[in-house]
Amino acid sequence: MLTFRKLSWAASLCGLVLLALGLCRAQSSGGAAEDPAKAALLKLPLLLGTDWYPEQWPETRWDEDLRLMEAAHIRVVRITEFAWSRMEPSEGQYSFDWLDRVIAKAAQYHIAVVLGTPTATPPAWLTQKYPETLRVLDTGQRDTHGNRAQGSVTSAVYLRFCRDIAERMAERYGHNANVLGWQIDNEYGYANISYDDTTRQQFQDWLKAKYKTLDNLNARWTTAYWSETYDNWSEIPLPIGGHNPGLLLDWDRFITAAWDAYQRVQIDVIRQHVDPKQFITGNLMGFFEGQDYFVLSAPLTMASWDNYVGTGHMRVDSIGMTHDVVRGYKRQNFWVIETQPGAVNWAPVNNFLNKGEVRAVAWQDVGHGADEVGYWQWRSALNGQEEYHGTLIGPDGTPVPLYDEVAQLGRDFETVGTTLQGTTPVSQVALLYSYDSRWAIDHQKHTVNYDSMALLTSYYHALRRLSQSVDVVSPYAPLDGYKVVVAPSLNVLPEDLAQHLLAYVRNGGHLVLGPRSGMKDEFNALLPQRQPGYLVEPLGGRVEQYYALEKDVPVTGIFGNGTGMIWAEQLSARAADTEVLMQYGKSNGWLDGQPGVITRKVGKGRITYIGTIFDDKTMAIAAQWIAQESGVTPALGPVPDGIEVCPRSGGGKQFFILINWAEETRHVTLPHAMKFLLAGSQGDSLDLAPYGVEVLLDAK
Ligand code: GLA
Ligand code: GLA
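Under this note's numbering, residues 12 to 711 are what the sequence shown spells out, in order.
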């Protein structure tokens, strides 16, 4: 064990040092390796990180911070994402000497650096002198200085300053051997876009580029309705509150496009100046609905996200599913570039995670494809908005109780970090996540109780228990490798997407559609067909009528006697070989005795349509049927309740990370003997204490 540990420590250190010396060469295998930044990432072992703000402390303190970090096996710090006023104290006057020394000093402690561009926090001189760089709220009021995200991403003046500071940083550190990569801005758009005339003009221009003619726009949005017809592009408003659904969906997409243009100004200028091995990322907010993260991830080297539990304790499924969508944004591993050291300061109740929970949460990150876990933050500033947030050291500069648990995680990572390098979760099941559909439903919910994310989670929960790994991907992602593809509320289903899904089905895949699917085109207009639109014909059935439910309806059939909740669609089976799997019981009269779930073989595959939202028990049985019908099997095999299995594989090796979320010790029996990498032993069964973790290598 000792030997193994030492070896892995040496190998991982070596990996970092090689990278730091710029000696890594792009691997020639695989598409990802053609990108030098991706190749460099693949060569990194698992990394433990933290977010550090040296500009908030006297320089005499830096050594002690770094010494304590190194002692906790922290190998990477993210810095500077809020340090604009320190780097450019007045217009055009730059101060980087201090940062030169921070980066050099970190290297002395074997800690690499990720540089954040500071554009979420413009300096006061900038917003004072150029007030148009401050965003305008939808109330018409202009934002003020002193919080963050007050800059307007549609302001050309603001973009000029953002580009400039990013360029200065890139010129100076783009070839610094201790800089691994870059983070653009911070949590794009959690305070959204500016409602000013510039934005309105850009929205109109964006629409003009998309629709070409006003006749086309008027037709797609059906503006004959309520005298909305536009005779001039300049008449088109920014929506405040409810609005035309076509305009609203385009407004959502425009916001994404505006943020994308904003980030690309920085990405482009950084790429011009830096070593191609330095990566570029952005700290996304998981399932944040404000922008389409498939679009925003495209120009990044990798996605990363900020994983916070908030009030309460670990939500295994919803956080697991969030990891899986972040992996899905670029269909590759990612970083958890921020996570919670015990407690946050912004939730309704900022309780502390239990002893052991922080480490287990980090192992779930890794189990779902994270290659770095970074604690926000190292130490609280003595003043500032987040004084109460969790940290790794206290206001006195010495470790808090959690520090030792994080240091243990650091030792874990050093034990297995090099071995897991280059591995990723592989799944038989894909859930489709569509921003268009989520936005379209949220703009016209029809019942306040319809929550498309809750429905996604309910499918995720049921299917992950059976398969032990699920991908969450864009509906337009390549689907060939999946045994089943599930789209719980694919409301916006234009013809090209229907063809893409149908090709998957004809080729042998099983497509499962949930309620509200196939209702809208890409302009958020009703399709002139019944649901599921272009898939009615192959399904051999359709939605005759949908009903928002005031009370549950009974459903019965091959999934047993269950309950339909919130939404129910009265289906019909119109082809001779379309089977009815479930029917509604006595309800509103319309639904009584009518089909609620239908399925049909199509080509080498199958389409199933589920018209309601099941209770958990029925959902579990439906998932069993889906898995069986599609040939989905558990990655490892049956495990007791509360044990999460996270498979990662690659390079001919198969690993399983096991985490015990139950409150009691669990005994897990394996299909055959495996190596236990953390314990340094092996066997065909193991006990895991609450929050216990083991990394299994399946040598078979
Ligand atoms: C009101 C309005 C109509 C229509 C209906 C819908 O009566 O006058 O235009 O919006 O509500 O219920
Ligand atoms: C976000 C931000 C950080 C910090 C944390 C606190 O993730 O990116 O700067 O405010 O929240 O939880």
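Built from N, CA and C at the ideal position, the CB exists for glycine as well.
Under the rule that 16 or more other beta-carbon atoms within 10 Å means buried, what is S40, buried or exposed? Confidence in S40 is poor, its pLDDT being 37 and thus under 50, which makes the residue's placement unreliable; the coordinate value appears in the next sentence. So S40 counts as exposed.
Near V547, which residues of its chain fall below 7 Å by C-beta distance, leaving aside the five closest residues on each side in sequence? Counting only Cβ-Cβ distances below 7 Å, and skipping sequence neighbours, we find Q540, R541, R553.
If contacts are defined as beta-carbon pairs under 8 Å, then G401 and V355 qualify, I think. What distance do you get, rounded to the angstrom? Indeed they touch by this definition, with Cβ atoms about 7 Å apart.
Evaluate the contact criterion for the stretch 389-406 versus the stretch 326-337: three or more CB pairs, one atom per stretch, below 8 Å. Too few Cβ pairs lie closer than 8 Å, so no.
My guess is that H454 and L259 are in contact by the Cβ rule of under 8 Å, so how many angstroms apart are they, rounded? Contact flag correct, Cβ pair sits at about 5 Å.
Among A381, A181, T234, Y64, which residue has its Cα nearest to the Cα of L55? The option with the nearest alpha carbon to L55 is A381.
Could you tell me if the beta carbon of F298 falls within a distance shorter than 8 Å of some heavy atom in ligand 2? Checking the 8 Å criterion, the Cβ of F298 is out of range of every heavy atom belonging to ligand 2.
With a threshold of 8 Å (Cβ to nearest heavy atom), would Q351 be considered close to ligand 2? Yes, ligand 2 has a heavy atom inside 8 Å of this Cβ.
Anyone know if the C-beta pair for I195 and A220 falls short of 9 Å? Their beta carbons are not under 9 Å apart, which means I195 does not touch A220 by this criterion.
Collapsed DSSP secondary structure at V360 in the structure displayed: Shown here, V360 sits in coil according to DSSP, grouped into three states, outside any helix or strand.
Quick one, are the C-beta atoms of I632 and G575 less than 9 Å apart? Contact flag unset, no.
Rounded to whole angstroms, what is the Cα-Cα separation between A117 and C173? Near 26 Å, if we compare the C-alpha coordinates of C173 and A117.
For K664, the three-state DSSP class (helix, strand or coil): Correct three-state label for K664: strand.
Of the listed residues K628, Q343, V372, L538, nearest to S660 (C-alpha basis): It is Q343.
Compute the beta-carbon to beta-carbon distance between L442 and V481, rounded to the nearest angstrom, for a pair I have assumed lies under 8 Å. The C-beta separation of L442 from V481 comes to about 6 Å, placing the pair in contact by the 8 Å criterion.
Could you spell out where the beta strand (DSSP E) holding A559 opens and where it closes? In the DSSP annotation of this structure, the continuous segment of the beta strand (DSSP E) that includes A559 starts and ends at 552-559.
Beta-carbon contacts of R282 that lie in its chain and below 8 Å, excluding the five residues immediately before and after: Contacts found: I291.
Using only CA atoms, which one of T312, I204, P645, H121 lies nearest to S478? Comparing Cα-Cα distances from S478 to each of T312, I204, P645, H121, the minimum goes to P645.
Segments assigned beta strand (DSSP E), at least 3 residues, entirely inside the stretch 521-546: For the stretch 521-546, whole beta strand (DSSP E) runs of length 3 or above, ordered along the chain, are 521-524.
Please return the same chain residues whose Cβ sits closer than 6 Å to the Cβ of L249, not counting the five positions on each side in sequence. In the same chain as L249, and ignoring 5 residues on each side of it, the C-beta atoms closer than 6 Å to its own belong to Y206, R211, in chain order.
Integer Cβ distance of H683 from A559, believed to fall under 8 Å: Between A559 and H683 the Cβ distance is about 51 Å, and since that is not below 8 Å, they are no contact.
How big is the Cα-Cα spacing for L513 and F298? Annotation: L513 to F298 spans about 27 Å, alpha carbon to alpha carbon.
Under a three-way DSSP split, which group does L699 fall into? Reduced to three states, the DSSP call for L699 is strand.
Count the other CB atoms, across all protein chains shown, that sit within 10 Å of the CB of G162; report buried if there are 16 or more and exposed otherwise. Around the beta carbon of G162, 16 or more other beta carbons sit within 10 angstroms, so the residue counts as buried.
Comparing C-alpha positions only, which one of S329, W193, Y446, L431 sits nearest to F305? The residue with the shortest Cα to Cα distance from F305 is Y446.
Report the residue from M296, G529, P287 whose alpha carbon sits nearest the alpha carbon of N187. Answer by Cα proximity: P287.
Segment limits, beta strand (DSSP E) that includes N187: No beta strand (DSSP E) holds N187; DSSP gives it neither H nor E.
Of the choices G253, P65, S238, whose alpha-carbon is the least far from that of E246? E246 has its Cα closest to that of S238, out of G253, P65, S238.
Closer than 8 Å: E397 CB and nearest ligand 2 heavy atom: Placement of the Cβ of E397 at a distance of less than 8 Å from at least one heavy atom of ligand 2 is found.
Taking only runs of the alpha helix (DSSP H) that begin and end inside the stretch 316-375, which ones reach a length of at least 4 residues, in chain order? Runs of the alpha helix (DSSP H) inside the stretch 316-375: 327-341.
For L524, which option in P486, L537, V147, A371 has the closest C-alpha, if you only look at C-alpha atoms? Nearest to L524 by C-alpha distance, out of P486, L537, V147, A371, is P486.
Taking buried to mean at least 16 other C-beta atoms within 10 Å of its own C-beta, is W387 buried or exposed? Counting other Cβ atoms within 10 Å of its Cβ, W387 reaches 16 or more and is therefore classed as buried.
If you measure from the CB of V355, is any heavy atom of ligand 2 nearer than 8 Å? Because some heavy atom of ligand 2 lies under 8 Å away, the Cβ of V355 counts as near it: yes.
Nearest candidate by alpha-carbon position, reference V706, set Q693, I668, L697: Answer by Cα proximity: I668.
Should L34 go down as buried or exposed, given a rule of 16 or more other Cβ atoms within 10 Å for buried? Since pLDDT at L34 reaches only 33, below the 50 mark, its modelled position is unreliable, and no value is offered.
Using CA atoms only, rank isn't needed, just tell me which of W450, A181, G653, S528 is closest to M325. Selected option, being the one with the closest Cα: G653.
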